[in-house]
Structures are given as structure tokens and as C-alpha cells.
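S.K.: Pasting a structure here, questions to come.
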Amino acid sequence: LVSLYRAGVWGRMWQWIRGFLSDRTLQVRVGSVLSESVGVENGVPQGSVISPVLFNVLINGLFGSLGGEVGRSLFADDGAFLKHGR
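For the sequence shown, our numbering assigns the number 796 to the initial residue and increments by one for each residue that follows.
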């Protein structure tokens, strides 16, 4: 949410996204057995239309804050930091 605010997302859109990401839970079904509900504290829901956008805002802020001495490589939802040293 901080990354969104820093990227210029605020007001009603920011509030909507906060609600979308807050108080999420998940359950797993194997056959006819359903697990207990577990709270989700991090990440974005898979399959949501807005999830890739939220991920990109976070990653751009993270990788953009690195200095020129640290390389970076990004592809889809994977990333790597690259640092040459002795």
C-alpha cells in the first residue's frame, strides 16, 4: 500500500485496493475435505485482473530504489539482484 501511495495512487482507488487486500483468508480442498481458514498477510490474489498491476508497482518501486551498482533482471513475476564484487 505504501508503494501505491508513492506511485501516486491515493483517494478512493487507494481505499478500494486497501479493502481488496485486507482481511484475506484461504482454504484448501482435497477431495471432500476442506481445511480450516488461514489468514493471508502478504501477496496478491492469483487470477485477479488487478494483481499484475499491483505486483508491477511494488517491483518497480523496489528495483527503482537500487543504486547503479546493483544490477537487476526481471521477467514476468521473477526477479534477481546482481552485484559484482571481490
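Note that beta-carbon positions come from the ideal geometry of N, C-alpha and C, so glycine has one too.
Which runs of the alpha helix (DSSP H) fall wholly inside the region 797-843 and span at least 4 residues, in chain order?
M.R.: Listed in chain order, the alpha helix (DSSP H) elements of length 4 or more contained wholly in the region 797-843 are 797-801, 806-816.
S.K.: Using a Cβ cut-off of 8 Å (strictly closer), state whether Asp818 contacts chain C.
M.R.: The chain labelled as chain C is not found in the depicted structure, where only one protein chain is given.
S.K.: Verify whether the separation of the beta carbon atoms of Leu796 and Arg819 is less than 8 Å.
M.R.: Walking along the sequence shown from the start, residue 796 turns up at place 1. Walking along the sequence shown from the start, residue 819 turns up at place 24. No; because the gap between Cβ atoms is not below 8 Å, this pair is not in contact.
S.K.: Where Gly880 and Ser843 are concerned, what is the direct C-alpha to C-alpha distance, given to the nearest angstrom?
M.R.: Numbered from 1 along the sequence shown, position 85 holds the residue referred to as residue 880. Numbered from 1 along the sequence shown, position 48 holds the residue referred to as residue 843. Approximately 40 Å, taken between the alpha carbons.
S.K.: Cα separation between Arg867 and Gly838?
M.R.: What you label residue 867 is simply residue 72 of the sequence shown in a count that begins at 1. What you label residue 838 is simply residue 43 of the sequence shown in a count that begins at 1. Computed Cα separation, rounded: 21 Å.
S.K.: Is it right to say Leu877 is buried, meaning 16 or more other beta carbons lie within 10 angstroms of its own, or is it exposed?
M.R.: Position 82 of the sequence shown, counting from 1, holds the residue named residue 877. Answer is exposed; the Cβ neighbour count stays below 16.
S.K.: Give the secondary structure of Ser868 by DSSP, where H, G and I count as helix, E and B as strand, and everything else as coil.
M.R.: Position 73 of the sequence shown, counted from the first residue, corresponds to residue 868. Strand at Ser868.
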